[in-house]
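From first to last, the protein sequence lines are chains L and C.
The numbering used here numbers the first residue of the first sequence as 1324 and each following residue consecutively.
The numbering used here numbers the first residue of the second sequence as 17 and each following residue consecutively.
All residues carry an ideal CB built from backbone N, CA and C; glycine is no exception.
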Amino acid sequence: TPLQNDLSEFFAMV
Amino acid sequence: LEARLEAADLFKKVVEAIKDLVQHCNFDCNDSGIALQAMDNSHVALVSMMLTADTFTPFRCDRNIPLGIDLTSLTKVLRAAQSSDILTIKSEDAPDVVNLVFEGKDQDRISEYDLKLMDIDQEHLGIPDTEYAATASMPAADFKRICSDLLLISEAVSIECTKEGITFKAEGDIGNGSVTLRQHSDLENSDKNVDISLTEPVALSFSLKYLTGFCKATGLSNQVRLCLSNDVPLMVEYALANNSYLRFYLAPKIGD
């Protein structure tokens, strides 16, 4: 099973 | 804040669609409408809701107020609203409660609830306007069916989009399955259309557990739109009337 990414790797906190 | 919805159904369905993904969130109210952005605990999925001021008749919000709400509690209160009830959401300036009023269409019954608010210090992500490599619109019910069928085969689905169509593939212990939707226009009923626009082919893998969760929004819109680019989160959009929307973002799985 592939690993799951984390959304905060794509969208920066504002 | 004073926001009146002709039918509570919309708000009931929106809350029903997101309450299993996020527990506590701020409903950010300002003169453009009521917005919500929240990530699930694992930071894999994000929900972004916009109910524009035009969705309400009338809508008034004099200054920005975040209404921190426990969605489990809100669900309990919304159970008291019938789908056809007129729903009015009201709040004072520095509120410790939000007031919800449900009125029967024949106006012989008025229910009034105060829901306690909570202070929620929420992480807010900046979601850039993205030109996606592939956009696929399809009947929301078809997408739901595909996700729930493939979840029986595997926990992950690979979504491949080409000019010919969009293919959902699952590989599991019992075997493999795939479903392809070809682009077509239904002249009698545009709700049945499958429409694909593509600048380059896309192939990404996602968790079906999350996708089936997003499908709880199926009753909100006849069509769902999937927006994909390689190596970025998927956007699943249920468009609502008056430019309102419910969007979900899901991080792609990384290859083995």
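Under 8 angstroms by beta carbon: chain L residues contacting residue i
{"i": "His-59 of chain C", "result": "Asp-1329, Leu-1330 and Ser-1331"}
{"i": "Ile-143 of chain C", "result": "Phe-1334"}
Under 7 angstroms from the C-beta of residue i: neighbouring residues of chain L
{"i": "Leu-62 of chain C", "result": "Leu-1330"}
{"i": "Met-55 of chain C", "result": "Leu-1330"}
{"i": "Pro-273 of chain C", "result": "Nothing can be reported for residue 273 of chain C: it is not among the residues displayed for chain C, which extend from 17 to 272."}
Where residue i meets chain L, residues with beta-carbon distance less than 9 angstroms
{"i": "Lys-29 of chain C", "result": "The contacting residues do not exist; Lys-29 of chain C stays about 24 angstroms from chain L at best."}
{"i": "Pro-82 of chain C", "result": "Chain L residues near Pro-82 of chain C: none, gap ~15 angstroms exceeds 9 angstroms."}
{"i": "Ala-140 of chain C", "result": "Sequence inspection shows His at residue 140 of chain C; the Ala mentioned does not correspond to that position. Within chain L, the residues near His-140 of chain C are Met-1336 and Val-1337."}
Cutoff 6 angstroms; reference residue i; Cβ partners in own chain excluding five residues on either side
{"i": "Asn-259 of chain C", "result": "Thr-68"}
{"i": "Asn-80 of chain C", "result": "Asn-46"}
{"i": "Lys-35 of chain C", "result": "Leu-87 and Thr-91"}
{"i": "Glu-273 of chain C", "result": "The structure shown does not extend to residue 273 of chain C, since chain C is modelled only from 17 to 272, so the question has no answer here."}
{"i": "Phe-75 of chain C", "result": "Ala-19 and Ala-69"}
{"i": "Met-55 of chain C", "result": "Leu-62"}
{"i": "Tyr-226 of chain C", "result": "Ala-61 and Leu-266"}
Straight-line gap, residue i to residue j (C-alpha atoms, nearest Å)
{"i": "Met-134 of chain C", "j": "Cys-243 of chain C", "result": "34 angstroms"}
{"i": "Gln-1327 of chain L", "j": "Gln-98 of chain C", "result": "39 angstroms"}
{"i": "Phe-1334 of chain L", "j": "Gln-53 of chain C", "result": "13 angstroms"}
{"i": "Ser-245 of chain C", "j": "Ala-257 of chain C", "result": "26 angstroms"}
{"i": "Ala-33 of chain C", "j": "Ala-172 of chain C", "result": "21 angstroms"}
{"i": "Asn-7 of chain C", "j": "Glu-253 of chain C", "result": "For residue 7 of chain C there is no data in the structure shown, the boundaries of chain C being 17 and 272."}
{"i": "Arg-95 of chain C", "j": "Thr-178 of chain C", "result": "43 angstroms"}
{"i": "Pro-155 of chain C", "j": "Ile-162 of chain C", "result": "11 angstroms"}
{"i": "Gly-49 of chain C", "j": "Met-66 of chain C", "result": "7 angstroms"}
{"i": "Met-1336 of chain L", "j": "Gln-123 of chain C", "result": "46 angstroms"}
{"i": "Ser-64 of chain C", "j": "Asp-247 of chain C", "result": "20 angstroms"}
Residue i vs residue j beta-carbon contact at 8 angstroms
{"i": "Ser-194 of chain C", "j": "Phe-184 of chain C", "result": "yes"}
{"i": "Ser-153 of chain C", "j": "Gln-239 of chain C", "result": "yes"}
{"i": "Leu-262 of chain C", "j": "Val-30 of chain C", "result": "yes"}
{"i": "Ala-186 of chain C", "j": "Leu-166 of chain C", "result": "yes"}
{"i": "Ser-221 of chain C", "j": "Lys-160 of chain C", "result": "no"}
{"i": "Leu-103 of chain C", "j": "Ala-24 of chain C", "result": "yes"}
{"i": "Glu-22 of chain C", "j": "Thr-73 of chain C", "result": "yes"}
{"i": "Leu-1330 of chain L", "j": "Leu-26 of chain C", "result": "no"}
{"i": "Gly-120 of chain C", "j": "Asp-145 of chain C", "result": "no"}
{"i": "Ile-8 of chain C", "j": "Val-114 of chain C", "result": "This structure leaves residue 8 of chain C out entirely; chain C is present only between 17 and 272."}
Bounding residues of the beta strand (DSSP E) (the contiguous stretch that carries residue i)
{"i": "Val-30 of chain C", "result": "Val-30 of chain C -> not in any beta strand (DSSP E); alpha helix (DSSP H) instead, spanning 25–34."}
{"i": "Ala-152 of chain C", "result": "150–155"}
{"i": "Lys-225 of chain C", "result": "Run containing Lys-225 of chain C: none in the beta strand (DSSP E); it sits in the alpha helix (DSSP H), 224–230."}
{"i": "Val-113 of chain C", "result": "113–119"}
{"i": "Thr-183 of chain C", "result": "181–188"}
{"i": "Cys-243 of chain C", "result": "239–244"}
{"i": "Ala-19 of chain C", "result": "18–21"}
8 angstroms CB neighbourhood of residue i in its chain, flanking five on each side removed
{"i": "Thr-1324 of chain L", "result": "Here the model assigns Thr-1324 of chain L a pLDDT of 49, short of 50, so the residue's position is not dependable and the matter cannot be decided."}
{"i": "Val-274 of chain C", "result": "Since the displayed chain C opens at 17 and closes at 272, residue 274 of chain C lies outside it and no answer follows."}
{"i": "Gly-181 of chain C", "result": "Thr-196, Leu-197, Arg-198, Gln-199, Val-210 and Ile-212"}
{"i": "Asp-112 of chain C", "result": "Lys-132 and Leu-133"}
{"i": "Ala-255 of chain C", "result": "Ser-237, Gln-239, Arg-241 and Tyr-261"}
Close-in-space but distant-in-sequence residues of the same chain around residue i (CB under 7 angstroms, 5 per side omitted)
{"i": "Ser-213 of chain C", "result": "Thr-151"}
{"i": "Ile-136 of chain C", "result": "His-40, Cys-41, Asn-42 and Gly-84"}
{"i": "Ile-267 of chain C", "result": "Residue identity check: residue 267 of chain C is Ala in the sequence provided, not Ile. So the list reads Val-60 and Pro-249, once near-sequence residues are dropped."}
{"i": "Gly-229 of chain C", "result": "Asp-36 and Leu-37"}
{"i": "Gly-201 of chain C", "result": "Before going further, note that residue 201 of chain C is Ser rather than Gly in the sequence given. Only Asn-209 meet the Cβ criterion."}
Where the alpha helix (DSSP H) containing residue i begins and where it ends
{"i": "Ser-89 of chain C", "result": "87–94"}
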